[in-house]
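Below is one structure, written out as structure tokens; comments come after it.
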Amino acid sequence: MSGRDPRPATSVPAVAASPVSDDELRELAGKQAALGEVRGAPAPDPVNEPMIRHWLAAMGDANPAYLDKGLAPPAMAQVWTMQAPRPGARDRSPVDDLLAALDAGGYTGVVATNCEQTYHRYARLGERLTPATRFTDLAGPKRTALGVGYFATWNVTWYGDGDEPVAEMLFRVLKFRPREGTREDRPPYPLQPAVNQDTAFFWEGAKSGELRIQTCADCGRLRHPPGALCPRCRSSRLTYTVASGLGTLYSYVVHHHPPVPGRETPFVVGVVELPEGVRIVGNVVDCPPGQVEIGMALRVTYRPMDDRLVLPMWAPEEP
Amino acid sequence: MTRTLTADEVEAGSELPELSIDLTPTVVVSTALATMDFTPVHHDRERARAQGSKDIFLNILTTMGLVERYVTDWAGPEAVIKGIDVKLGVPAYAGDCLSFTGTVVSCEAGRVTVEVRGKVSLGFHATCTVALTLPPAG
Amino acid sequence: MSRTSAAIAGIGATEFSKKSGRSELRLAAEAVLSALDDAGLSPGDVDGLVTFTQDANQEIAVARETGIGELTFFSRVDYGGGAACATVAHAAMAVATGMARTVVCYRAFNERSGRRFGQPNARLSGEPTSQGLEMSWHVPFGLMTPAAWVAMFAQRYLHVHGATSEDFGRVAVAMRRHAATNPAAWFYQRPITLEEHQASRWIVEPLHLLDCCQESDGAVALVVTSAEHARDLRRSPAVITAAAQGAGADQMMMTSYYRDDMTGLPEMSVVGRRLWEQSGLAPQDIRTAILYDHFTPFVLTQLEELGFCGRGEAPEFLKDGGIELDGRLPVNPHGGQLGEAYIHGMNGIAEAVRQIRGTAANQLTGVTNVLVTAGTGVPTSGLILSAG
Chain A
1 MSGRDPRPAT SVPAVAASPV SDDELRELAG KQAALGEVRG APAPDPVNEP
51 MIRHWLAAMG DANPAYLDKG LAPPAMAQVW TMQAPRPGAR DRSPVDDLLA
101 ALDAGGYTGV VATNCEQTYH RYARLGERLT PATRFTDLAG PKRTALGVGY
151 FATWNVTWYG DGDEPVAEML FRVLKFRPRE GTREDRPPYP LQPAVNQDTA
201 FFWEGAKSGE LRIQTCADCG RLRHPPGALC PRCRSSRLTY TVASGLGTLY
251 SYVVHHHPPV PGRETPFVVG VVELPEGVRI VGNVVDCPPG QVEIGMALRV
301 TYRPMDDRLV LPMWAPEEP
Chain B
320 MTRTLTADEV EAGSELPELS IDLTPTVVVS TALATMDFTP VHHDRERARA
370 QGSKDIFLNI LTTMGLVERY VTDWAGPEAV IKGIDVKLGV PAYAGDCLSF
420 TGTVVSCEAG RVTVEVRGKV SLGFHATCTV ALTLPPAG
Chain C
458 MSRTSAAIAG IGATEFSKKS GRSELRLAAE AVLSALDDAG LSPGDVDGLV
508 TFTQDANQEI AVARETGIGE LTFFSRVDYG GGAACATVAH AAMAVATGMA
558 RTVVCYRAFN ERSGRRFGQP NARLSGEPTS QGLEMSWHVP FGLMTPAAWV
608 AMFAQRYLHV HGATSEDFGR VAVAMRRHAA TNPAAWFYQR PITLEEHQAS
658 RWIVEPLHLL DCCQESDGAV ALVVTSAEHA RDLRRSPAVI TAAAQGAGAD
708 QMMMTSYYRD DMTGLPEMSV VGRRLWEQSG LAPQDIRTAI LYDHFTPFVL
758 TQLEELGFCG RGEAPEFLKD GGIELDGRLP VNPHGGQLGE AYIHGMNGIA
808 EAVRQIRGTA ANQLTGVTNV LVTAGTGVPT SGLILSAG
């Protein structure tokens with residue numbers, strides 16, 4: 001395989017993980033900021049006593065002033081407009097698109113760095129708050145302790161029944177590219193694959209965030225694990241298709257014993273069936289072993305194991 | 320907490336009494352749910368671990384709430400919180416202990432600024448500036 | 458292979474232990490000499506040696522140690538435990554073609570006190586050989602122990618056939634019950650219950666510790682010569698009625714996860730078909746079967762692949778006591794590798810010979826034909842041995 005883009009014409013959807021460049025990120029940030037303040041859906045519940053009492057109890061806050069005066073603790077501002085645990089038609093704010101683009105650009109790590117709240121007044125029992133989000137700033141890429149990343153900042157204002165602001169919040173997260181470890185903190189991963197001319201394309205693909213399935217340029221047959229010739233038509237013109245990254249768990253094991261070098265037990269290994277028609281083995285991650293089951297929907301995710309090796313792994317596909 | 324401090328009782332440099340909160344799983348989970356935050360890392364230990372965390376950990380809305388409580392516990396019920404700025408540090412995991420300390424940095428015409436630090440075994444979880452007003456003397 | 462052309466005329470073994478305290482070469486030599494004594498032959502009568510590719514003792518070294526002189530045939534069979542019955546097949550071919558007159562097959566290792574197969578070995582995927590490349594689709598994900606490779610098939614079997622871990626457990630319980638009355642077995646007088654099986658710790662889910670065979674130090678050797686010659690020797694011969702090797706389509710070493718179905722062992726089906734064709738026998742003609750039992754789940758699969766029961770029916774076969782000494786098809790009367798010892802399947806062939814001779818610890822009545830299989834999940838082999 002020589003070309004960088006030897007993707008053949010095939011009926012299989014070849015969805016490339018289009019890497020987002022820094023320029024594109026800046027452009028999108030500008031666009032999102034230009035949207036200005038975007039109103040969200042009003043809070044599902046008005047400011048109410050039961051939620052306040054529950055919150056005070058959980059915080060261990062014995063301050064009687066709130067319920068005595070019919071007011072909500074100001075730090076509850078955001079609580080009123082939190083989204084339900086099972087999102088239906090989820091409210092989409094200008095921030096969501098930008099965070100998704102950062103993910104696509106490889107800045108998959110996230111950590112909140114600042115939360116600054118200003119309270120114009122305390123919210124009153126019975127009033128229904130409405131949030132409005134304004135994307136304000138994208139700064140970076142910057143080198144941080146966690147890795148190179150962008151600081152994304154947005155503001156939320158909560159409006160009361162009279163449409164005057166009750167509280168405001170500035171929120172900032174660092175979206176970072178998980179750092180490739182130094183020699184000290186990231187030793188070479190002990191379980192390296194052997195690679196030859198027939199298989200190098202796969203491992204190079206994993207490094208660039210592509211799940212590449214060997215494809216015969218003559219008869220179009222997809223094959224995994226890849227080989228040296230097409231066993232169907234004998235062609236040696238082998239190329240690859242970039243898989244959609246979706247899969248279904250066909251079988252799996254939970255490894256407990258004995259210890260495996262480079263791994264913490266227990267860990268899950270699965271056989272994943274791809275819609276492209278082949279199976280592939282990989283770890284099932286971001287899911288407790290007890291919740292793994294045959295037939296579950298998965299999506300590929302890429303994990304750097306050391307400076308050289310990236311392994312495609314599989315995480316539950318959120319519904 | 321029945322009496323509220325008055326502006327004349329507070330001066331720059333005054334220290335707040337320390338408050339330590341044992342972060343039992345119950346505290347972490349009940350506060351996450353009371354703040355309507357159902358992200359699994361705040362209540363599902365297996366999920367939290369699967370994502371590389373040591374355990375479940377406090378959510379940010381709770382950090383805000385606890386800082387507010389820490390300051391009003393000291394200032395009293397008539398204090399009015401005007402703003403809380405938090406710089407977030409290390410995670411506050413279940414099983415750890417979160418200790419708040421605070422110092423008054425300014426007090427002018429009933430407007431008080433307090434610096435609060437929340438510390439856990441891994442280091443500072445939150446470094447905060449809290450603005451509040453206190454009723455005048457008398 | 459024509460019926461009655463070759464036979465097993467002698468069997469020999471060391472003790473089965475967890476720490477032999479001796480070199481692997483010494484174990485090999487002891488087993489070979491013991492098998493020759495059993496046959497009533499001397500080292501000078503041997504002109505061929507066959508072992509496993511994995512054996513650490515070269516044929517010439519074993520020949521030197523035992524006083525076997527010149528060799529006219531030597532051969533090794535690959536694919537781990539899949540080689541066991543094939544060593545006898547290769548020896549029988551050599552005898553049938555005149556390459557050799559008397560061939561000894563051997564396997565010797567300190568698999569418990571030396572290199573343990575169940576331990577992860579990062580070098581499995583280290584070299585860009587075809588096998589190294591094959592392993593490279595699995596080892597980097599930590600899928601690198603035999604228990605894990607088998608567990609992947611087992612999970613699918615449970616899912617498709619609605620079976621449970623207890624169905625696997627019944628195999629372990631039966632093997633330990635058989636071993637309990639076999640003085641040569643490591644687990645002699647140590648039976649287990651299904652509850653103990655269920656309570657044993659996870660190795661790789663869905664396999665418990667007691668789904669995994671033991672690890673052993675020891676050696677077994679088998680003397681193969683023409684049936685005609687064997688009849689003149691000290692012991693009544695175990696005639697090699699059929700011998701076969703088999704690899705399935707799209708075969709891999711332990712990880713054939715890319716074939717249409719993951720609930721079977723197509724390579725064992727290849728072996729089974731050949732054994733039935735060669736022998737003219739059918740499953741009901743087999744008095745007892747020695748089925749390779751490094752892990753319990755593949756005993757179920759083998760019962761199905763060899764036609765002792767239908768697809769997905771093995772759990773019922775087990776529940777009915779089918780593999781017990783008084784069952785429809787007593788399996789591994791010596792206790793198998795789960796109960797007697799793990800000598801890479803070679804101790805099972807020796808048990809088949811004893812059953813035919815009538816000298817086994819748990820001797821069955823009326824034994825005419827015994828079916829023996831080798832390693833599962835790998836290219837494998839099988840034998841039908843008969844009285845005569």
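So the sequences go chain by chain: A, B and C. For what it's worth, this note's numbering labels the leading residue of the first sequence as 1, then goes sequentially. For what it's worth, this note's numbering labels the leading residue of the second sequence as 320, then goes sequentially. For what it's worth, this note's numbering labels the leading residue of the third sequence as 458, then goes sequentially. Every residue, glycine too, gets a C-beta built ideally from N, C-alpha and C.
Point to revise | Those runs of the beta strand (DSSP E) which lie wholly inside the stretch 477-522 of chain C and span at least 3 residues | key: 505-509
Practice item. Pair every Cβ in the stretch 673-687 of chain C with every Cβ in the stretch 548-565 of chain C, then say whether three or more of these pairs are closer than 8 Å. Key: yes
Practice item. Pick out whichever of C:THR529, C:THR720, C:VAL829 and C:SER477 has its Cα sitting closest to the Cα of THR554 of chain C. Key: C:THR529
Exercise for review: Reducing DSSP to helix, strand and coil, say where PRO336 of chain B ends up.
Suggested key: strand
Point to revise | N-terminal and C-terminal residue of the beta strand (DSSP E) that TYR250 of chain A is part of | key: 246-255
Review point. For GLY277 of chain A, which residues does DSSP report across the bridge?
Key: Beta-bridge pairing links GLY277 of chain A to no other residue.
Check your understanding: Roughly how many angstroms separate the alpha carbons of GLU184 of chain A and LEU338 of chain B, rounded to a whole number?
Key -> Below a pLDDT of 50, predicted positions are generally treated as unreliable, and GLU184 of chain A, at 44, falls in that range; no measurement from the model is reported.
Check your understanding: Is there a Cβ from chain C that is less than 9 Å from the Cβ of SER326 of chain A?
Key -> In the structure displayed, chain A extends from 1 to 319; residue 326 of chain A sits before or after that span and is not available.
Point to revise | Under 7 Å from the C-beta of PRO396 of chain B: neighbouring residues of chain A | key: ASN63, PRO64 and ALA65
**Study point:** Alpha carbon of THR712 of chain C to alpha carbon of ILE280 of chain A, nearest angstrom
**Key:** 11 Å
Exercise for review: For ARG121 of chain A, I'd like the list of residues in its chain whose CB is within less than 7 Å of its CB, leaving aside the five on either flank, ordered along the chain.
Suggested key: VAL166
Exercise for review: With DSSP as the reference, please indicate the residues paired to CYS669 of chain C in a beta bridge.
Suggested key: C:PHE752
Practice item. With 8 Å as the C-beta to C-beta threshold (strictly closer), list the residues of the stretch 390-418 of chain B near chain A in chain order. Key: THR391, ASP392, PRO396, GLU397, VAL399, ILE400, LYS401, GLY402, ILE403, ASP404, VAL405, LYS406 and LEU407
Practice item. Below 7 Å between beta carbons is the criterion; list the residues of the stretch 359-372 of chain B that meet it against any residue of chain A, in chain order. Key: GLU365, ARG366, ALA369 and GLN370
Practice item. Could you tell me which residues DSSP pairs with ILE747 of chain C in its beta bridges? Key: C:VAL829
Exercise for review: Please confirm if the stretch 252-260 of chain A is in contact with the stretch 206-214 of chain A, defined as three or more CB-CB distances below 8 Å between the two stretches.
Suggested key: no
Check your understanding: Going by C-alpha distance, which of C:PHE625, C:SER657 and C:ARG730 is nearest GLU773 of chain C?
Key -> C:PHE625
Exercise for review: Kindly list the residues whose CB is nearer than 8 Å to the CB of THR199 of chain A, restricted to its own chain and excluding five residues on each side of it in sequence; keep chain order.
Suggested key: PRO193, PRO225 and PRO226
Review point. Do three or more CB pairs link the stretch 53-62 of chain A to the stretch 103-117 of chain A at distances below 8 Å?
Key: no
Review point. The alpha helix (DSSP H) spanning LEU71 of chain A covers which residue range?
Key: Where LEU71 of chain A is concerned, there is no enclosing alpha helix (DSSP H), given that its DSSP letter is neither H nor E.
Review point. Closest Cβ-Cβ distance between VAL439 of chain B and chain A: below 9 Å?
Key: no
Exercise for review: Over the uninterrupted alpha helix (DSSP H) stretch that includes TRP55 of chain A, give me the two end residues.
Suggested key: 49-59
Check your understanding: Just to confirm, are ASP404 of chain B and LEU380 of chain B a CB contact at a threshold of 9 Å?
Key -> no
**Study point:** Spatially closest choice to TRP659 of chain C from C:THR830, C:CYS669 and C:LEU651, by CA coordinates
**Key:** C:CYS669
Point to revise | For LEU451 of chain B, the residue or residues it bridges with in DSSP | key: B:ILE400 and B:VAL431
Review point. Straight-line CA distance for THR420 of chain B to VAL111 of chain A?
Key: 24 Å
**Study point:** Three-way DSSP call (helix, strand, coil) for ILE841 of chain C in this model
**Key:** strand
Check your understanding: Identify the residues that DSSP records as bridge partners of GLN117 of chain A: which are they?
Key -> A:MET169 and B:ILE403
Check your understanding: Over what stretch of residues does the beta strand (DSSP E) that includes LYS373 of chain B continue unbroken?
Key -> Element bounds for LYS373 of chain B: n/a, residue is neither H nor E.
Practice item. Alpha carbon to alpha carbon, how far is GLY270 of chain A from GLY571 of chain C? Give it in angstroms, no decimals. Key: 31 Å
Practice item. Leaving aside the five residues before and after ARG716 of chain C along the sequence, list all residues of the same chain whose C-beta is less than 8 Å from its C-beta, in chain order. Key: GLY705, ALA706, ASP707 and PRO723
**Study point:** Residues that DSSP places opposite LYS776 of chain C in a beta bridge
**Key:** In DSSP, LYS776 of chain C forms no bridge with anything.
**Study point:** Where the stretch 575-590 of chain C meets chain A: residues whose CB sits under 8 Å from a CB there
**Key:** GLY575, GLN576, PRO577, ALA579, SER582, GLY583, GLU584, PRO585, THR586, GLY589 and LEU590
Review point. Per the contact definition of three or more C-beta pairs closer than 8 Å, is the stretch 72-87 of chain A in contact with the stretch 46-53 of chain A?
Key: yes
Review point. Over what stretch of residues does the beta strand (DSSP E) that includes GLY626 of chain C continue unbroken?
Key: Taken as a continuous stretch (DSSP letters only), GLY626 of chain C belongs to no beta strand (DSSP E), being part of the alpha helix (DSSP H) at 622-636.
Practice item. Take ALA608 of chain C as the anchor and find which of C:ASN514, C:TYR799 and C:PRO663 has the nearest alpha-carbon. Key: C:PRO663
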